[in-house]
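The letter at position 309 of the sequence shown is residue 309 when you use the working numbering, and the numbering goes up by one with no holes.
We put the beta carbon where it would ideally sit given N, CA and C, even for glycine.
Before any comments, here is the structure.
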Amino acid sequence: MSQLQPPDTLDEMRALLRHLPGPDLEAGTAVRERDRQLTKPPGSLGRLEDLTEWMAVWQGKAPPQLRRPRVAVFAGNHGVAVAQGVSAYPVAVTAQMVQNFVAGGAAVNQLCQVADSDLRVYELDLDRPTADFTIAPAMTEADCARAMAYGMMAVEPGLDLLCLGEMGIGNTTSGAALATALFGGDPADWVGPGTGVDAAGVRRKAEVVAQGLAVHRAALTDPFEILRHFGGLELAAIVGAVLAARMARIPVLLDGYTCTAAAAVLWAADRHALDHCQIAHVSAEPGHRRLLDKLGRTALLDLGMRLGEGSGAALAIGLVRGALACHEGMATFAQAGVSNKD
Ligand SMILES: O=C(O)c1ccc[n+]([C@@H]2O[C@H](COP(=O)([O-])O)[C@@H](O)[C@H]2O)c1
Ligand SMILES: Cc1cc2nc[nH]c2cc1C
1 MSQLQPPDTL
11 DEMRALLRHL
21 PGPDLEAGTA
31 VRERDRQLTK
41 PPGSLGRLED
51 LTEWMAVWQG
61 KAPPQLRRPR
71 VAVFAGNHGV
81 AVAQGVSAYP
91 VAVTAQMVQN
101 FVAGGAAVNQ
111 LCQVADSDLR
121 VYELDLDRPT
131 ADFTIAPAMT
141 EADCARAMAY
151 GMMAVEPGLD
161 LLCLGEMGIG
171 NTTSGAALAT
181 ALFGGDPADW
191 VGPGTGVDAA
201 GVRRKAEVVA
211 QGLAVHRAAL
221 TDPFEILRHF
231 GGLELAAIVG
241 AVLAARMARI
251 PVLLDGYTCT
261 AAAAVLWAAD
271 RHALDHCQIA
281 HVSAEPGHRR
291 LLDKLGRTAL
301 LDLGMRLGEG
311 SGAALAIGLV
321 RGALACHEGM
331 ATFAQAGVSN
341 KD
């Protein structure tokens, strides 16, 4: 399959939503048919059964396969972190952590190794942070579209599972601004400690989000404009990657709060745009549960993690592996000579 030629304007990105492939229902039927014959009471593998069917319908393949998983981590810097001090860490940590990913020293490196997954790290102009969104839109239209296109190009056809993660000091504030603009409510409902700011810091984050919303309210005409005003380059890249994965029939695992907030831009534009995605884990960042409620989703894992960098998504690859191994490797009642219920 040839790789998608990425669009270079936001209008072309919007237009892509009209051409999203749907689920392969035949593959789903084939999976359910085999599942009924496996040596277990129906439904007894719970969400593992749903995961197998989900992989099949979005790959368009029964049985689904998991030979080439990839974790893609996008990194970007945020003007709001530079100007407003909304993180517990300095902005320089974004680039330093990218070096750490490359050197193999981060949590996501270990989790990818355990999951037998490829890991790719993409930096987006780390020395050119977005604008401080309390003053100006975070990105120009051209920068936002370019970052989305970059994320799209990271999606290589032939992958059979794509895990998405981010690295960007200050991006929980960006995620909270996206969530407030997309779903409404009080900014205080959507902010949290992030990397570990104290209660006063969390209040400050809520004020920063409120200020951004007040300044830009009239310009927030659709979800892509919300992304352009409050997102970061790495978050726009995630939006692009989610879209490109859908086009290439690659199921997606989304990581924590910030990653889900970015992907929610697509959900706000089209209620089915995230059907090929699972939320790998629910972050300790309090807004994440609220966000999952809005999206009508339950995460696969709930481990109190709040690291980002794709760590929860990398960990969840093991669940998909387990689901697919049972589906493919288990004996049927007939093969094993086990009596089925009448
Ligand atoms: O996505 C999450 O659930 C999450 C929760 C807390 C922190 N993070 C990570 O921490 C950074 C953002 O936190 P902060 O405090 O700088 O906004 C960014 O690099 C994220 O990967 C991520
Ligand atoms: C050290 C550190 C590691 C991270 N990984 C993802 N976000 C992060 C933020 C910090 C501060």
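Where H281 falls: helix, strand or coil (DSSP): Here residue 281 refers to the residue found at position 281 of the sequence shown. Residue state for H281 is assigned as strand, using DSSP reduced to three classes.
Residue list, Cβ distance to ligand 2 heavy atoms smaller than 6 Å: In chain order, the hits are Y89, V93, M97, M167, T195, L307, G308 and E309.
For R70 and V86, the rounded distance between their alpha carbons: The residue given as residue 86 occupies position 86 in the sequence shown. The residue given as residue 70 occupies position 70 in the sequence shown. Straight across, the Cα-Cα distance linking V86 with R70 is about 31 Å.
Opening and closing residue of the alpha helix (DSSP H) in which A200 lies: Sequence index remark: in the sequence shown, residue 200 carries index 200 (1-based). Looking at the DSSP string, the run of the alpha helix (DSSP H) that includes A200 is A199 to H216.
Residue(s) in a DSSP beta bridge with V31: Working through the sequence shown from its first residue, we reach residue 31 at position 31. Beta bridge pairing from DSSP links V31 with no other residue.
Any non-hydrogen atom of ligand 1 within 7 Å of V242 CB: The residue labelled residue 242 in the question sits at position 242 within the sequence shown. Shortest gap from the CB of V242 to any heavy atom of ligand 1: 7 Å or more.
Contacting residues, own chain, Cβ-Cβ under 8 Å from A27 (five flanking each side not counted): Here residue 27 corresponds to residue number 27 of the sequence shown, with the count starting at 1. Cβ neighbours of A27 beyond the five flanking positions: A56, V57, Q59, G60, K61, A62 and P64.
Beta-carbon spacing of A131, G76 below 8 Å: Taking the sequence shown and counting its residues from 1, one reaches residue 131 at position 131. Taking the sequence shown and counting its residues from 1, one reaches residue 76 at position 76. Not a contact, by the Cβ cut-off of 8 Å.
Segments assigned alpha helix (DSSP H), at least 4 residues, entirely inside the stretch 228-269: Complete alpha helix (DSSP H) runs here, min 4: 233-247 and 257-269.
Under the three-state DSSP convention, the category P69 falls into: Taking the first residue of the sequence shown as position 1, residue 69 is located at position 69. Three-state result, P69: strand.
First through last residue of the beta strand (DSSP E) which encompasses E166: As a first step, residue 166 must be located in the sequence shown, where it is residue number 166. Boundaries of the beta strand (DSSP E) around E166: L161 to M167.
Spatial neighbours of F101 in its chain, beta-carbon cut-off 6 Å, leaving aside the 5 residues before and after: Here the question's residue 101 lines up with position 101 in the sequence shown. Around F101: V121.
Complete beta strand (DSSP E) runs within the stretch 63-118 (minimum length 3 residues, chain order): The DSSP assignment places 69-75 as complete runs of the beta strand (DSSP E) inside the stretch 63-118, in order along the chain (cut-off: 3 residues).
Inter-residue Cα distance where the pair is A107 and Q335: Taking the sequence shown and counting its residues from 1, one reaches residue 107 at position 107. Taking the sequence shown and counting its residues from 1, one reaches residue 335 at position 335. Going by the C-alpha atoms only, they are around 42 Å apart.
Contact belief for A245 with V320 at Cβ below 8 Å, rounded distance in angstroms: Your numbering for residue 245 matches position 245 in the sequence shown. Your numbering for residue 320 matches position 320 in the sequence shown. Not quite, the Cβ-Cβ distance comes to about 14 Å (not below 8 Å), so this is no contact.
Buried or exposed (CB count within 10 angstroms, at least 16 for buried), H19: If you number the sequence shown from 1, residue 19 lands on position 19. Here H19 is exposed: its Cβ has fewer than 16 other Cβ atoms, across all protein chains shown, within 10 Å.
Distance between E225 and M247 (C-alpha atoms, nearest Å): Residue numbering aside, residue 247 sits at position 247 when the sequence shown is read from its first letter. Residue numbering aside, residue 225 sits at position 225 when the sequence shown is read from its first letter. Their backbone Cα atoms lie some 22 Å apart in a straight line.
Beta-ladder partner(s) of L38, from DSSP: Reading the sequence shown from its first residue, position 38 is the one you call residue 38. DSSP, once it has assigned bridges, lists T332 as partnering L38.
Rounded straight-line distance, which links the Cα of D342 to that of A268: Within the sequence shown, the letter at position 268 stands for residue 268. Within the sequence shown, the letter at position 342 stands for residue 342. A268 and D342: Cα-Cα distance of roughly 46 Å.
Collapsed DSSP secondary structure at R271 in the structure displayed: Along the sequence shown, one-based indexing puts residue 271 at 271. DSSP, reduced to helix, strand and coil, places R271 outside both helices and strands of the structure shown, so it counts as coil.
Residues near R67 in its chain [Cβ-Cβ closer than 7 Å; skip 5 each side]: Numbered from 1 along the sequence shown, position 67 holds the residue referred to as residue 67. Hits under 7 Å: D160.
For L111, the nearest candidate out of E328, G322, G337 and A316 (CA to CA): In the sequence shown, the residue the question calls residue 111 occupies position 111. Checked all of E328, G322, G337 and A316; the closest Cα to L111 is A316.
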